[in-house]
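Residue numbers (my numbering): 18 to 170.
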């Protein structure tokens, strides 16, 4: 379906938490509030990670808590970052804002365009450590490496 991108956003940080993801209380019983330990520096409640940007620390802490506050209103899939939700929305809208200058093929993300460009440049940045094989995509290298371990690709 072709929905306006804004219609699919849902930020439920103020609503009840999703019971399928662990809350921070389930992971660690006693947690201090995220506060700067040194002026202008914020520290993760769970590990040594720190940043001068409070949002970056809050986003990082979600790797510990499992919190995914951004939900797609179309399929209910949840995300830790709004930018990931925005990219996901394109699967519903069909939007492909990134175009190849060589062949005009369009892509939903800049990353998928960058991978596509390797077809034109011949760039193969992923090398097998066992043989001379090189690959344009990491997933192709990982599939290839399974053959060296005797696993099915």
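The beta-carbon is built from N, C-alpha and C at its ideal position, and this holds for glycine as well.
Expressed to the nearest angstrom, what Euclidean distance is found between the alpha-carbon atoms of residue 147 and residue 165? On the chain shown, position 130 is the one that residue 147 refers to. On the chain shown, position 148 is the one that residue 165 refers to. Cα to Cα, residue 147 sits roughly 8 Å from residue 165.
Measuring alpha carbon to alpha carbon, tell me which of 109, 99, 145, 132 ends up nearest residue 115. In the chain shown, the residue the question calls residue 115 occupies position 98. The shortest C-alpha separation from residue 115 is found at 132.
Does DSSP classify residue 72 as helix, strand or coil? Along the chain shown, one-based indexing puts residue 72 at 55. Reduced to three states, the DSSP call for residue 72 is helix.
Supposed close pair residue 71, residue 87 - CB separation, criterion 8 Å: Numbered from its first residue, the chain shown carries residue 71 at position 54. Numbered from its first residue, the chain shown carries residue 87 at position 70. Contact flag wrong, Cβ pair sits at about 18 Å.
Residue 117 versus residue 63: straight-line alpha-carbon distance, rounded: Here residue 117 refers to the residue found at position 100 when the chain shown is read from its first residue. Here residue 63 refers to the residue found at position 46 when the chain shown is read from its first residue. The alpha-carbon atoms of residue 117 and residue 63 are separated by roughly 42 Å.
Excluding the 5 residues preceding and the 5 following residue 80 in the sequence, name in chain order all residues of the same chain whose CB lies nearer than 8 Å to its CB. Your numbering for residue 80 matches position 63 in the chain shown. So the list reads 97, once near-sequence residues are dropped.
Which same chain residues, not among the five before or five after residue 123, have their C-beta less than 7 Å away from its C-beta? Here residue 123 is taken as the residue at index 106 of the chain shown, counted from 1. 113, 115, 116, listed in sequence order.
Is residue 149 buried or exposed, if buried means 16 or more other CB atoms sit within 10 Å of its CB? Position 132 of the chain shown, counted from the first residue, corresponds to residue 149. By the neighbour-count rule (16 or more Cβ atoms within 10 Å), residue 149 is not buried but exposed.
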